[in-house]
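Shown next, in structure tokens, is the structure this report addresses.
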Amino acid sequence: MTYGVVDFDRRRLIAACGLATSALLRPARALGGIFGKWDEAVDVIVVGSGAAGLAAAVSAAQNGVQVLLLEKMPDIGGDTLISGGFYGAVDPVRQGAQGIDDSEELFFEQTFRNGDEKADPRLVRVLVKEAGRSLAWLESLGMKFQLTVIEIYGAHWPRCHKPILPAGSGYIQTLSAAAIQKGVDIRTAVKVTRLELEKGRLIGVCAEVDEKICFYRARKGVVIATGGFGQNRQLVEASDPLLRGLTSTSAPGATGEVMLAAAQAGVLLRDMQYIQCLPGCPAGRKHRVRLHNDVARFILVDEQGKRFVREDERRDVLCRKVLALPRKYAYSIVDNDGLESYNILIQKEAWQGIESGDAWKADTLEELAAKIDVPAEALAASVKAYNQAVESKNDAFGKSSRELRFKIQTPPFWACYAGMSVHYTMGGLAINEKAQCLNAENHPVEGLWAAGEVTGGVHGANRLGANGLADAISFGRIAGREAASSQNN
Ligand SMILES: Cc1cc2nc3c(=O)[nH]c(=O)nc-3n(C[C@H](O)[C@H](O)[C@H](O)COP(=O)(O)OP(=O)(O)OC[C@H]3O[C@@H](n4cnc5c(N)ncnc54)[C@H](O)[C@@H]3O)c2cc1C
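Residue -4 is where the sequence shown starts when you use the working numbering, and the numbers rise one by one after that.
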């Protein structure tokens, strides 16, 4: 049985990206010499050095095999490094101490329902179960999280863990240190361009290294962990034409070429039309300021200075509402307490935004209104009504009383653009519970695993905030373990 699977038109996507089939996939050359055509041979090759790739590499190495990790950028980290770092998991200890009820069943129900039941429920079950185990695994490797959890924007429940180190740096630091300690060979500036097949089985990859082409043989298997395709404008627009011209929050490496190579190798692409946007730079601007991270701390106003949506609305619904505004962007507003509750990198973004003209601060709401060019009385009235809602726990827009916790009252007041920026691509390679890539007949493609944002089917039509990292680490661990224990050699 398949669930909401879309056998996306691979040819159309590949054509949209201007890539020729032959450029993506070549048959293996004849063997000869000690490694034949191969420049090197290892047990497991992992492609991509974000959370999924590093987790896969550590997990494979923990299972006793030789691992080579290839990253195309000069530095490791991908989107994981620049992410907010929030990690969704049921956690009886931290949530219990805060009096928050939670369960894997509730986590499943919220993830599946908020994705419009388009995800594969078997994958969602794995996610909600493994998220907690992966959290404990990260801690066992030395990663530190704060003692309290919050509900970030779009997460719909307070189960988001905040690392001690800012943004996503803790994941990359912890996992790369563990990988190096376990003997994983991490190489940067190696761009995988093709997958090498033999009789339907993945046996290696081809990559550009400096000016050269190198062939790497994988005796046991290849794990694709190359992240999303948010920076590939052609592919984004081919998948969802409404998003034409929008900026992206992703790192420059999120271009999707290995996903397309896998599709050419026969892996099913699913859910490609589901692309998530988040408040970011409006079209044409470059500096992103995130004042919206904690749903209890910010409000959104339109060009009239009025709220128009509950801030804890689903990310896809909120996106459509913002794109329907006359200027196609809104403003996020926080007070100084709100800003100071954010990590140091977000605070720095805000200060830099003042310099670049993407954020504003003022001692009064009237002054702030003048700076962002909205009617002063309307903005003051919006904030006043919101503060009353915090007191009464009853919001006219329906924001959950759970998140009506902080008034906007401490100057200086801050504002930034809340345009819509392509943030997370829910579609990608179809996988099963063991992270094996699946073909159109739902059969595993031998020798090939995938994890993280490059996959489809875990989130459905809309991803819950903080589920991206839990997905990447959990399926990365599974993929690494499964590839390592493969009987192929
Ligand atoms: C600004 C921002 C904030 C976010 N905040 C959160 C958050 O707080 N919580 C949350 O859960 N999620 C968050 N997300 C989403 C989260 O970052 C992703 O879900 C997660 O990082 C994906 O991990 P990954 O390992 O799959 O991909 P990535 O971390 O993107 O890693 C993929 C790597 O593969 C490399 N690669 C790509 N192509 C090739 C190739 N051809 N050859 C070799 N290497 C290649 C890339 O360069 C990259 O380094 C955020 C995303 C962004 C952009």
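Built from N, CA and C at the ideal position, the CB exists for glycine as well.
Would you mind sorting residue i into buried or exposed? The rule is 16 or more other CB atoms within 10 Å of its CB.
i                 : result
arginine 196      : exposed
lysine 343        : exposed
glycine 275       : buried
glycine 28        : Residue confidence for glycine 28 is low, a pLDDT of 45 falling below 50, so the modelled location carries little weight; the figure read from the coordinates is stated next. It counts as exposed.
glycine 13        : Note that glycine 13 has pLDDT 49, beneath the 50 cutoff, so the model's placement of it is unreliable and no number is given.
leucine 122       : buried
glutamine 383     : exposed
isoleucine 341    : buried
valine 304        : buried
glycine 348       : buried
phenylalanine 470 : buried
lysine 157        : buried
serine 377        : buried
Give the straight-line distance between the Cα atoms of residue i and residue j, rounded to the nearest whole angstrom.
i                 : j              : result
isoleucine 208    : aspartate 34   : 9 Å
alanine 249       : threonine 405  : 39 Å
serine 17         : threonine 188  : The predicted position of serine 17 is uncertain, since its pLDDT is 40 and thus under 50; no value can be drawn from it.
phenylalanine 103 : arginine 120   : 6 Å
glycine 279       : alanine 213    : 43 Å
leucine 264       : alanine 435    : 9 Å
methionine 254    : glutamine 57   : 26 Å
alanine 474       : lysine 429     : 7 Å
aspartate 307     : glycine 79     : 17 Å
valine 329        : leucine 142    : 24 Å
lysine 124        : glutamate 298  : 43 Å
arginine 472      : arginine 283   : 32 Å
leucine 433       : leucine 170    : 27 Å
glycine 517       : isoleucine 181 : The structure shown has nothing for residue 517, since the chain only spans -4 to 484.
alanine 172       : leucine 63     : 15 Å
alanine 47        : leucine 237    : 29 Å
proline 101       : serine 395     : As written in the sequence, residue 101 is leucine, which differs from the proline given in the question. So the alpha carbons of these two residues sit roughly 17 Å apart.
Using C-beta distances below 7 Å, list every residue in its chain close to residue i, excluding the 5 sequence neighbours before and after it, in chain order.
i             : result
proline 407   : Asn331, Lys356, Ala357, Asp358
glycine 216   : Val39, Leu197, Gly442, Leu443, Trp444, Ala478, Ser481, Asn483
glutamine 168 : Leu160
glutamine 61  : Val37, Asp38
glycine 83    : Ala126, Ala150, Arg154, Cys155, Leu459, Ala461, Asn462, Ala465
cysteine 314  : Cys272, Met415
arginine 292  : Val329, Gly333, Ser336, Phe401
If I follow the unbroken beta strand (DSSP E) through residue i, where does it start and stop?
i              : result
leucine 295    : 294 to 296
leucine 230    : No beta strand (DSSP E) contains leucine 230, which is instead part of the alpha helix (DSSP H) from 228 to 234.
isoleucine 270 : 270 to 275
lysine 379     : Looking at the DSSP string, lysine 379 is not in any beta strand (DSSP E); the run it does join, the alpha helix (DSSP H), is 371 to 387.
leucine 263    : No beta strand (DSSP E) contains leucine 263, which DSSP labels as neither H nor E.
glutamate 361  : Here glutamate 361 belongs to no beta strand (DSSP E); instead the alpha helix (DSSP H) covers 360 to 367.
isoleucine 198 : 196 to 204
asparagine 355 : According to the sequence shown, residue 355 is tryptophan rather than asparagine. First-last of the beta strand (DSSP E) with tryptophan 355: 354 to 357.
glutamate 491  : Within the shown structure, residues of the chain are numbered from -4 to 484, placing residue 491 beyond reach of any answer.
alanine 413    : 408 to 420
What is the residue span of the alpha helix (DSSP H) that residue i lies within?
i             : result
valine 123    : 116 to 135
arginine 315  : 310 to 318
lysine 139    : Here lysine 139 belongs to no alpha helix (DSSP H), and DSSP marks it neither H nor E.
leucine 49    : 46 to 57
aspartate 466 : 462 to 479
valine 88     : 87 to 92
arginine 397  : Taken as a continuous stretch (DSSP letters only), arginine 397 belongs to no alpha helix (DSSP H), as it is neither H nor E.
Check whether chain B comes within 7 Å of residue i, counting only Cβ atoms and requiring the distance to be less than that.
i          : result
alanine 50 : Although the question refers to chain B, the structure presented lacks it and comprises just one protein chain.
Given residue i, which residues of its chain have a CB within under 6 Å of its CB, disregarding the five upstream and five downstream residues?
i              : result
proline 277    : Tyr324, Tyr412, Gly414
glycine 149    : Arg310, Gly460
glutamate 66   : Ser44, Thr183
valine 290     : Glu146, Tyr148, Glu306, Asp307, Glu398
alanine 371    : Glu361, Ala364
leucine 118    : Gly452, Val453
aspartate 97   : Val85, Gln90, Arg154
alanine 410    : Tyr326, Ile328, Trp355, Leu363, Ile367
threonine 450  : Gly423, Leu424, Ile426
arginine 476   : Ser54, Asn58
asparagine 338 : Pro161
glutamate 112  : none
Return the Cβ separation of residue i and residue j in integer angstroms, given the expectation that the two are a contact with Cβ distance under 8 Å.
i              : j              : result
serine 129     : isoleucine 468 : 4 Å
valine 185     : valine 204     : 5 Å
threonine 244  : histidine 418  : 5 Å
tyrosine 166   : threonine 75   : 5 Å
arginine 302   : leucine 295    : 6 Å
glycine 422    : glutamine 268  : 7 Å
tyrosine 381   : isoleucine 367 : Incorrect: roughly 17 Å between the Cβ atoms, too far for contact.
serine 416     : threonine 242  : 5 Å
asparagine 457 : glycine 110    : 5 Å
glutamate 206  : valine 200     : Rounded, the Cβ-Cβ distance is 18 Å, inconsistent with contact.
Within its chain, find whatever has a CB closer than 8 Å to the CB of residue i; leave out the 5 residues flanking it on each side and keep chain order.
i           : result
proline 247 : Met68, Gln226
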